[in-house]
Amino acid sequence: MREMVEIFPAKVQKLWNDLELRVLVLLSLFLQTVLISTGNRRKYTRNRWVAVILWLSYLSADAVATLALGVLSQAQSDAESNSVDPSYTIMAFWAPFLIMHLGGPDTITAYALADNELWSRHLLALFEQVSVAVYVILKSWIGKPINCLSVPILVAGLVKYLERSWVLFSASRDQFRESMVSRSDPGPNYAKFMDAFVYKEAEGYRVSLESLVDVNAPDFTSNSFVQDAVSVAAAPAADTVVVTNTVVVTNTNTDIDDGMVLLLEAYFFFGTFKRLFADLILSFQDKETSESFFKKQSWGNAFGIVEVELGLVYDLFYTKAFILYSGLGFFLRGFSFSSTVAVFVAFFIIDKKVYPKTEVIITYFLLVGAIFLELYAVLIILSSDRTMIWLGGEWTRPLNKLKGPFVFAVRKLVSLLQFLHVVPARKRWSNEMGQHNLLNCCIETKPMCTKLHQYLDKYLFWNSVSIPNGLKALIFNELKLRCSSGAESGDYRGDKVLLGERDCFDKSDEI
549 MREMVEIFPA KVQKLWNDLE LRVLVLLSLF LQTVLISTGN RRKYTRNRWV AVILWLSYLS
609 ADAVATLALG VLSQAQSDAE SNSVDPSYTI MAFWAPFLIM HLGGPDTITA YALADNELWS
669 RHLLALFEQV SVAVYVILKS WIGKPINCLS VPILVAGLVK YLERSWVLFS ASRDQFRESM
729 VSRSDPGPNY AKFMDAFVYK EAEGYRVSLE SLVDVNAPDF TSNSFVQDAV SVAAAPAADT
789 VVVTNTVVVT NTNTDIDDGM VLLLEAYFFF GTFKRLFADL ILSFQDKETS ESFFKKQSWG
849 NAFGIVEVEL GLVYDLFYTK AFILYSGLGF FLRGFSFSST VAVFVAFFII DKKVYPKTEV
909 IITYFLLVGA IFLELYAVLI ILSSDRTMIW LGGEWTRPLN KLKGPFVFAV RKLVSLLQFL
969 HVVPARKRWS NEMGQHNLLN CCIETKPMCT KLHQYLDKYL FWNSVSIPNG LKALIFNELK
1029 LRCSSGAESG DYRGDKVLLG ERDCFDKSDE I
């Protein structure tokens, strides 16, 4: 290995040693920018180049940041006798930024579902990399202001890294399934129920029981929906006790538009929808509620609701949505952003004449890049369906007077940013379907490397086609027809072929 290295001239080796750490740090920042800007775009695009760039960036980001930390720790070890060198002092300030990079952007935490199962590996890497960063900071600590500025950035990076590990753990298969399984319901406590019945009757009340009433799906277009609850009303004057299990809650926000209604409808069924991804069995009540609701919808509204639900599921499995859209998430975002801005202002004020100009410029790049990543993450949050659902929900009723202008301003800002392609478009999916050209795959001459060709088959002979509205209408109408017949969907598998109706898809052009 040493003989291979000596092939390069001494000047080239020296140049690389001088530039190695700088190149790695800037490359790590560049990869974070690529990840946060393309992480959500694969939800609505089938562009192969976007997928390839995102895949390469995702695989390279952690490796580059880890390598940079290793080179930085080695540089500090080599400079042990000269640890007060200003160039090494400012280089040690880069270590917390690398921890922030390892925490990853909010728009992507996993490229595939299998990445969520590796949460324990990420947790172990967290302790290792944070230990290296602390070691680098302590080795270069000489009581200068720049040493103190490393602490808030390190804490912010630690928070982001912990967020990523927690999100991966929450999205793992077993944990996600466990979080969806509710506590077992033993049913009514008949002994307690009869005791209350006897006591009320002994007190002189006339006690009557009401039968349970099936509740249909919520009608958001009339601004009211049904929530399960239990209410007991006892009135000595009327000598009557009424027990019911249904409470109708009215949504007083009457100025919501159709887009907001669609989001609220999708979010209402989201709790049921995501159980399908945990291999859980839906109750008969869930099934009947969904069927009764979708039977009244048009095919466009039904597909729109499913698109929103699939987008919410994507956020749960591939982004930091588990913690991002919560009170704790908002607090951590505010802390991270304020810490970064405060450090930037402090670094701008302190005396930097003793530090090399190149290192100072790179430090400014890291600070500005960190602020940009935080601001872009805020814009992504504002443009998300989750935020619009929160703003249109009943829980923001006390803010109705301020909510209208605020929602209007947010929508205008998001529309402008989407028009400028700063944030992802409002599209929730690509509206395309993949097709594999079987004829070309069979006719093409096989190369010498058969195994490689078999691996690339799905990419070489694959393309996407837009899904016509007629096909969507056909699918939805067929589902409604079969749902109305009372038979299970599996009973119809292959019936069009068996009946000779091979032209069923040609009807999509006539609808």
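Under this note's numbering, the letters of the sequence shown match residues 549 to 1059, in that order. In this text, a Cβ means the ideal position worked out from N, Cα and C, and glycines have one as well.
To the nearest angstrom, how far is it from the Cα of residue i to the Cα of residue j?
i: L864; j: F818; result: 12 Å
i: L1019; j: Y592; result: 19 Å
i: L604; j: G859; result: 23 Å
i: F913; j: V902; result: 19 Å
i: F841; j: I853; result: 11 Å
i: P653; j: L583; result: 7 Å
i: A613; j: L572; result: 7 Å
i: V889; j: L811; result: 34 Å
i: C990; j: S978; result: 29 Å
i: P904; j: A918; result: 21 Å
i: N1011; j: T581; result: 29 Å
i: W564; j: T655; result: 34 Å
i: Y747; j: F724; result: 44 Å
i: L567; j: I690; result: 25 Å
i: H984; j: T837; result: 37 Å
i: W1071; j: F967; result: Because residue 1071 is not part of the residues shown, which for the chain are 549 to 1059, the question remains open.
i: D633; j: L706; result: 27 Å
i: W667; j: A673; result: 10 Å
i: V598; j: G587; result: 9 Å
i: F878; j: V699; result: 21 Å
i: S1032; j: G848; result: 19 Å
i: F675; j: S688; result: 20 Å
i: K975; j: E857; result: 13 Å
i: W938; j: V809; result: 12 Å
i: R1030; j: A850; result: 16 Å
i: K900; j: L575; result: 24 Å
i: I871; j: K708; result: 11 Å
i: N1025; j: V1013; result: 22 Å
i: S635; j: H670; result: 31 Å
i: L1022; j: K835; result: 22 Å
Buried or exposed for residue i, please, with buried defined as at least 16 other CB atoms from any protein chain shown within 10 angstroms of its CB.
i: T867; result: buried
i: D933; result: buried
i: P1016; result: exposed
i: T657; result: buried
i: E855; result: buried
i: A957; result: exposed
i: I897; result: exposed
i: A814; result: buried
i: T906; result: exposed
i: M936; result: buried
i: A925; result: buried
i: A750; result: exposed
i: L876; result: exposed
i: S884; result: buried
i: S770; result: With a pLDDT of only 41 at S770, under the threshold of 50, the placement of this residue in the model should not be trusted; the figure read from the coordinates follows. With fewer than 16 other Cβ atoms within 10 Å, it is exposed.
Find out if the Cβ-Cβ distance for the pair residue i, residue j is shorter than 9 Å.
i: L579; j: D663; result: no
i: R589; j: L661; result: no
i: L617; j: Q677; result: yes
i: L650; j: R712; result: yes
i: L697; j: V908; result: no
i: L569; j: A609; result: no
i: S846; j: A704; result: no
i: Y659; j: L602; result: yes
i: F641; j: T911; result: yes
i: M728; j: K822; result: yes
i: R881; j: E839; result: no
i: A558; j: P693; result: no
i: I685; j: L702; result: yes
i: L615; j: M639; result: no
Give a single yes or no on whether residue i has its beta carbon closer than 8 Å to a heavy atom of the ligand ATP.
i: V902; result: By its list of ligands, the structure shown contains no ligand whatsoever, and the ligand ATP lies outside what it can speak to.
Practice task
Give a yes or no on contact between the segment 679-694 and the segment 641-661, applying the rule of three or more CB pairs nearer than 8 Å.
Solution key: yes
Problem - Inside the segment 704-732 only - beta strand (DSSP E) runs reaching at least 3 residues - result: none
Exercise for the section: Identify every run of the alpha helix (DSSP H) within the segment 819-852, keeping only runs that are complete inside it and at least 4 residues long; order them along the chain. Expected result: 832-842
Handout entry: At least three beta-carbon pairs within less than 8 Å, the segment 867-886 to the segment 814-832
Key = The answer is no - the segment 814-832 does not touch the segment 867-886, with fewer than three Cβ pairs under 8 Å.
Handout entry: contact_flag[the segment 921-932, the segment 958-965] where n(CB pairs < 8 Å) is 3 or more
Key = The segment 921-932 vs the segment 958-965: in contact.
Practice task
Would you mind listing the alpha helix (DSSP H) stretches within the segment 644-700 that are 4+ residues and don't spill past its ends, in chain order?
Solution key: Correct list: 661-664 and 667-687.
Handout entry: Length-filtered (4 minimum) alpha helix (DSSP H) runs lying within the segment 561-633
Key = 596-626
Problem - Ordered list of beta strand (DSSP E) runs contained in the segment 844-930, each at least 3 residues - result: If we require 3 residues or more, the segment 844-930 turns out to have no beta strand (DSSP E) run fully inside it.
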